[in-house]
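Undergrad: This is the structure I have questions about; it appears just below.
Residue numbers (this note's numbering): 165 to 346.
Next up, the structure:
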C-alpha cells in the first residue's frame, strides 16, 4: 500500500462521524436514511461522509429497489496498523536516498585524499567521519594501542581524539589496552 493510500485511509477514519458510520456498517449493510436515523445525523451529512469513505475505498455501494445500499469493505480494515505504516515505503526510500546523499557530502567535505582535514564540530558529521575511518579496521581483529594509533594517524594527526570519540560512539571497544571494532 502506498504512503498516499495510507494517509487517505487514516484521514478518512480520523472523523468521528465517519468512524461511527464504519462501526454501523460493521454490523450490517445500510442505506443513507437508516444510517441517519441510527446516528442522529441528517441524510445529507451521511451522504457526504459515505462519499469520502467510498473515495478511500472503505465502502461500496449498490442499488437495491428504491435505495442505495452501503457495505463496508472489511478487507481494507483487517491489516494491522503496523503493517500499514511499514508498507508505506514511498517516504522511507526517499529518506534513505537523502541520508546517503548527506553522508556523501560530509565525506567529500571533510576528507581529502583519504585523510580527515578537520574533526567536525557537529556530532552527526563527526559520527559519519568516524564511521568512515572505522571501515579501515578489520572486523574481529584485536589491536594494541600503538597499532590502532598507526591506523588512526593515517587519517588525522589527533589520533587520541579519534580513538576516544570512536569509543564513546560505540564504534570501537576497549578492554585492558586492547581495541576491537564494534
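Even glycine gets a Cβ: it sits at the ideal position worked out from N, Cα and C.
If you run the structure through DSSP and keep just helix, strand and coil, what is residue 230?
TA: DSSP places residue 230 in coil when its eight states are reduced to three.
Undergrad: Helix, strand or coil for residue 171 per DSSP?
TA: Here residue 171 sits in helix by DSSP.
Undergrad: Going by other Cβ atoms of all chains shown within 10 Å of its Cβ, with 16 needed for buried, is residue 199 buried or exposed?
TA: Buried: at least 16 other Cβ atoms inside 10 Å.
Undergrad: Cα separation between residue 277 and residue 257?
TA: Rounded to whole angstroms, residue 277 to residue 257 spans 31 Å at the Cα level.
Undergrad: Would you grab the beta carbon distance between residue 181 and residue 205 for me? Rounded to a whole angstrom, and I think it's under 8 Å.
TA: Confirmed, Cβ separation roughly 6 Å.
Undergrad: Write down every uninterrupted run of the alpha helix (DSSP H) in the region 191 to 224 whose length is 4 residues or greater and which is fully enclosed by it, in chain order.
TA: As far as the region 191 to 224 is concerned, its whole alpha helix (DSSP H) runs of at least 4 residues are 196 to 203 and 207 to 219.
Undergrad: If you count every other CB in all the chains shown that lies within 10 Å of the CB of residue 305, and 16 or more means buried, which is it?
TA: With fewer than 16 Cβ atoms within 10 Å of its Cβ, residue 305 is classed as exposed.
Undergrad: Between 292, 280 and 238, which lies nearest to residue 263 when the distance is taken from Cα to Cα?
TA: Among 292, 280 and 238, the Cα nearest to that of residue 263 belongs to 292.
Undergrad: How about residue 222 and residue 245: are their beta carbons less than 9 Å apart?
TA: Contact flag unset, no.
Undergrad: Figure out for me which residue from 345, 324, 266 and 317 has the closest Cα to the Cα of residue 299.
TA: Minimum Cα distance to residue 299 is reached at 345.
Undergrad: Specify the secondary structure class of residue 281 as computed by DSSP and reduced to three states.
TA: Correct three-state label for residue 281: coil.
Undergrad: Would you identify the three-state DSSP class for residue 242, choosing helix, strand or coil?
TA: In this structure, residue 242 counts as coil in the three-state DSSP scheme.
Undergrad: What whole-angstrom Cβ distance do residue 272 and residue 283 have, given they're in contact under 8 Å?
TA: With 8 Å as the limit, residue 272 and residue 283 do not qualify as a contact, their Cβ atoms being about 16 Å apart.
Undergrad: Going by DSSP, name the residue or residues bridged to residue 337.
TA: Per DSSP, 344.
Undergrad: Report the three-state DSSP secondary structure of residue 276 (helix, strand or coil).
TA: Of the three classes helix, strand and coil, the one that applies to residue 276 here is strand, per DSSP.
Undergrad: Among residues of its own chain, excluding the 5 on either side of residue 312, which ones have a beta-carbon nearer than 7 Å to its beta-carbon?
TA: Once the five neighbours on either side are set aside, the close Cβ partners of residue 312 are 327 and 343.
Undergrad: According to DSSP, residue 325 sits in a beta bridge with which residue or residues?
TA: Residue 325 is not bridged to any residue.
Undergrad: Taking C-beta to C-beta, are residue 172 and residue 219 nearer than 9 Å?
TA: The answer is yes: Cβ separation under 9 Å.
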